[in-house]
Structures are given as structure tokens and as C-alpha cells.
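One structure below.
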Amino acid sequence: MVLTGGGARAAYQVGVIKAVAELVPEGAPMPFRVVCGTSAGAIIGSVLAAHANDFHAGVGTIERFWSHFRVGQVWRNDLRAVAAAALRWLGALCTAGAIVRPPHSLFDNAPLRVTLESHVNFARIQQSLYRGDLDALAVIASPYHGGKSRAYYMTRDEPKAQSEQWSGGVPTHLTLDHLMASAAVPFLFPAVRLEDGFYGDGAMRQLEPLAPSIHLGADRVLIVGVRPSQSASVPMEPSFGQIFGFMLDTLFMSSMRDELERIERDNRLIAAAASSPAGLRPIQALLIEPSVDPGEIVASHAPTMPFAVRMLMRFLVAANRGGRLLLSYLLFEGAYAKKLIDLGYRDAMARRAELQSFLSSEE
């Protein structure tokens, strides 16, 4: 299972996973032997990995977690914190950074670390690997010192040997720092220091989003995205908030479709060859994306944002229709999350036959 990044939109992935759980017997282990997550997807994947021995229990845990999410659990949103950050940015701009240094990020996401400490159990993830309920968990993060994104992973077997084909794989003991780094959206949240430098959101420079899962042994890959194949356009001059939302949308718009086309070409090549070409094996991939643009859903939930954040959105000119794109990634509120969970569930159940075929070992 590959879970892409997407901020608050990741609630959609929870809905898809909830639908998958209905196709799995009660009390059965998680059907996905390899889990790869980016940004918010890495958080969901880590919670599920900790409950790999009981898929339904894991899905119930992540649904409760996401349904009761609040902005205050992700970043400091009190009036004092938001005003202080805004004033510091203004002071840095007015003094050209000579007197007041700009902050490292727009928001202080220290609350997210506290939230994850109480919801992600790395010891249980290790137990899932030791028991054989899970083969591998990978968390994707991107270095700010250059190069493409890297997959930090734990496996039940010996670490995969480094190769030219997968130089981005890093065997390690995953920690909270890896999750924080994977979810450190540029400009919004501060970078996180890992072993060899500072890292940010794994969606940055993620040129081969399916490579980690394939290198870790997957031959069937379920990809759950958070962006519809086509988004509604807004015929108006873009505001700063709309431009920033477009930048986030571009960040999370991975090269997934290019990857899927490459896999289809490789599969045809394998089928046409008398024997499988060296280094290639057939891969079955299934992509599920929103049938409705989350930017349209978020409009009715914008008033639930905390007062200080609503004021900040107005300052960024993101409180109008053009700013819905930005809000759809930032609105960590339960009512909006439940709408996305319902959408993900409906979209997945509409493809029930495909999912059942995918989960079956007969094909």
C-alpha cells in the first residue's frame, strides 16, 4: 500500500482503507505486507503498521484518530502564537533580516509531535515485523541539501542492499523524527534534522513514488491519492493564498501517473519476452483518487477554523473561493475529515470488484 502526502486531505485515505477492511475477515491481519507513506500518509501507514496483526483494529484506531483531529493538534493556533509569527515575518521584511530574523516556518508544529507521541507506537511496529505480520514499513522524506527523496525503512529481513537502481533506500530504526520530517511541509513547518542533514516533506522531489514499495518486494500495489485527476478551475486573478495553495497542490502532485505508465510498459515488455528481462517483474497497480475535489467540500467547513487561523487566512487572501485549495490541505477539523472519510469509503466501494480482485491471490 502506497499512501501519498496531502495534509488534511489524507482523511480521504482513511475512508478508502475503511472500505478495504470490509473486504477482509474480522480479526484478520493487514493484507498489505509492505506499507509506504509520505507526509500525512506516513502517519496513517505507521498507525496501521502498529496494528498489522488485526487490520480492523488498526482501521478503527486511525478512523477515530482522524475523525477527532483538530488544528491545535497539528500547530499552535492560539492568537498569541499566530500574531507573534506574523509580526516576526513583518519585522524581518521591514529590517531585511538585519534586526529581526525571519522564523524557520509560518507555523509552530510542536503540537504535532506531542500528538504523534501518543498515537504512533514504534515498539508495536517492531513487533509486527518480528511476528511476520508485516514485511516492511517505509517513510519518505526529502533532504534540503540536494538529491531526490529518500525512503527510510524497517524490514523483518536483512536490509536491502544498496544499488544504483535504488540509491534512495535507507535502512534504519524509524523514529518520531522520521515522521516529523516526512510531514514538514516547506514554509509551513520547520525542517527536521536527521542523520545527515535537514529534511522536509517527502513529496518534494519524489520522482519515483512506487520505487520503495517495489524494491521492498511488493508485486501488487494499491495507491491511494488525495488529488482528483481533474480539479475545478477558478476564473479569477489569483491571490497570494490561491498561489500558495497551488504550490502545495503541485508539491503533492507526484509523478505517480508517469510511474504507472512506466509499469504498464514494463509489464507489456515482460509479457512479450520469452523470459523476464533482468531486474524486471510484473507489477499490478491499482490507483484510487477522489471523485470529488476536496476544494469544493472544504468551503462549507471553513468557518470551523480557529479564529486566529481564520484571520491569518484573510491576511493571506485565502478566505475566498480562490483560497479553497489551500484550506483543503490545512483544515484539520473533524467535520471536514469525516466528509473526506465518507468520500473515500464511497469511492472505494464503487470499485469493490476491482479491490476484491486486487486482494485475491488468485490473479
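Everything in the sequence shown is counted per the working numbering, starting at 882 for the first residue and increasing by one.
Don't be surprised by glycine CBs; every beta carbon is placed ideally from N, CA and C.
Note that this is a predicted model, so its numbers are computed, not measured.
Alpha-carbon spacing of residue i relative to residue j, whole angstroms
i: Asp1014; j: Ala965; result: 47 Å
i: Arg1146; j: Arg1101; result: 16 Å
i: Gln1043; j: Leu1221; result: Annotation note: pLDDT 49 at Gln1043 (below 50); position unreliable, coordinate value reported separately. So the alpha carbons of these two residues sit roughly 38 Å apart.
i: Ser1030; j: Gly1081; result: 9 Å
i: Val1107; j: Pro1175; result: 8 Å
i: Tyr1011; j: His1059; result: 21 Å
i: Pro1063; j: Arg1005; result: Reading off the sequence shown, one finds Ser at residue 1063, where the question assumed Pro. Cα to Cα, Ser1063 sits roughly 20 Å from Arg1005.
i: His985; j: Ala1099; result: 38 Å
i: Ala1180; j: Ile925; result: 25 Å
i: Met1128; j: Gly887; result: 12 Å
i: Pro1163; j: Val995; result: 42 Å
i: His949; j: Gln894; result: 15 Å
i: Phe988; j: Leu1211; result: 11 Å
i: Pro1024; j: Thr976; result: 30 Å
i: Ile898; j: Gly908; result: 15 Å
i: Val883; j: Ile980; result: 45 Å
i: Tyr1226; j: Asn1002; result: 26 Å
i: Asn1148; j: Gly972; result: 56 Å
i: Met1035; j: Leu1075; result: 16 Å
i: Phe1068; j: Pro1184; result: 24 Å
i: Leu968; j: Val940; result: 41 Å
i: Gln1237; j: Arg1191; result: 43 Å
i: Arg1205; j: Ala938; result: 34 Å
i: His1096; j: Leu1224; result: 31 Å
i: Val1066; j: Ala1218; result: 19 Å
i: Arg1232; j: Gly896; result: 13 Å
i: Arg1143; j: Ala1153; result: 15 Å
i: Ala889; j: Phe1079; result: 24 Å
Pair within 8 Å by beta-carbon distance, residue i and residue j
i: Thr942; j: Gln1087; result: no
i: Leu1103; j: Leu1018; result: no
i: Ala921; j: Ala891; result: yes
i: Ile1283; j: Ala1229; result: With the chain covering only 882 through 1244, there is no way to say anything about residue 1283.
i: Ala930; j: Gly1083; result: no
i: Val1073; j: Met1061; result: yes
i: Ile1234; j: His1182; result: The sequence as given places Ala at residue 1234; Ile does not occur at that position. In this structure, His1182 does not lie closer than 8 Å to Ala1234 by Cβ.
i: Phe1213; j: Arg961; result: no
i: Cys917; j: Ser1094; result: yes
i: Ser1009; j: Ala933; result: yes
i: Val955; j: Pro912; result: no
i: Asn990; j: Phe1070; result: yes
i: Leu1091; j: Glu1140; result: yes
Reference residue i, options the options, closest by Cα
i: Arg1110; options: Pro1163, Ser1172, Val1051 and Ala1092; result: One point to set straight first is that residue 1110 is Ser, not Arg, in the sequence displayed. Residue Ser1172 is the option with its Cα nearest to Ser1110.
i: Phe1239; options: Met1128, Val952 and Val905; result: Val905
i: Ile1151; options: Glu1142, Arg1143 and Leu1161; result: Leu1161
i: His1054; options: Leu1069, Trp956, Glu944 and Ala1032; result: Ala1032
i: Asp1077; options: Gly1027, Glu1140, Leu1208 and Lys1219; result: Gly1027
i: Ser853; options: Gln1165, Ser1209, Arg1205 and Lys1219; result: A question about residue 853 goes unanswered here, because the residues of the chain that appear run from 882 up to 1244.
i: Phe946; options: Gly896, Arg969, His1000 and Arg1138; result: His1000
i: Arg1037; options: His1096, Tyr1226 and Gln1007; result: Gln1007
i: Met1085; options: Ala1022, Val928 and Arg914; result: Ala1022
i: Asp1016; options: Arg1232, Ala1231, Pro1187 and Val915; result: Val915
i: Gly1245; options: Gly896, Glu1142, Pro1187 and Glu1089; result: Not covered by the structure: residue 1245. The range shown for the chain is 882 to 1244.
i: Phe936; options: Pro910, Glu944 and Ser927; result: Pro910
i: Leu997; options: Ala938, Phe1079 and Ser927; result: Ser927
i: Thr1056; options: Val1020, Val1105 and Glu1142; result: Val1020
i: Thr885; options: Val1105, Ala1065, Phe1079 and Glu1089; result: Val1105
i: Glu1089; options: Ala1154, Met1137 and Val1066; result: Met1137
Sheet register partners of residue i (DSSP bridge)
i: Phe1079; result: Arg1074
i: Thr1036; result: Ala1017
i: Ala1022; result: Arg1031 and Asp1082
i: Gln1249; result: It is not possible to answer for residue 1249, since the shown part of the chain is limited to 882 through 1244.
i: Thr1185; result: Partner(s): none; Thr1185 has no beta bridge.
i: Val1102; result: Ala1166
i: Pro1052; result: Tyr1034
i: Val883; result: Cys917 and Ile1104
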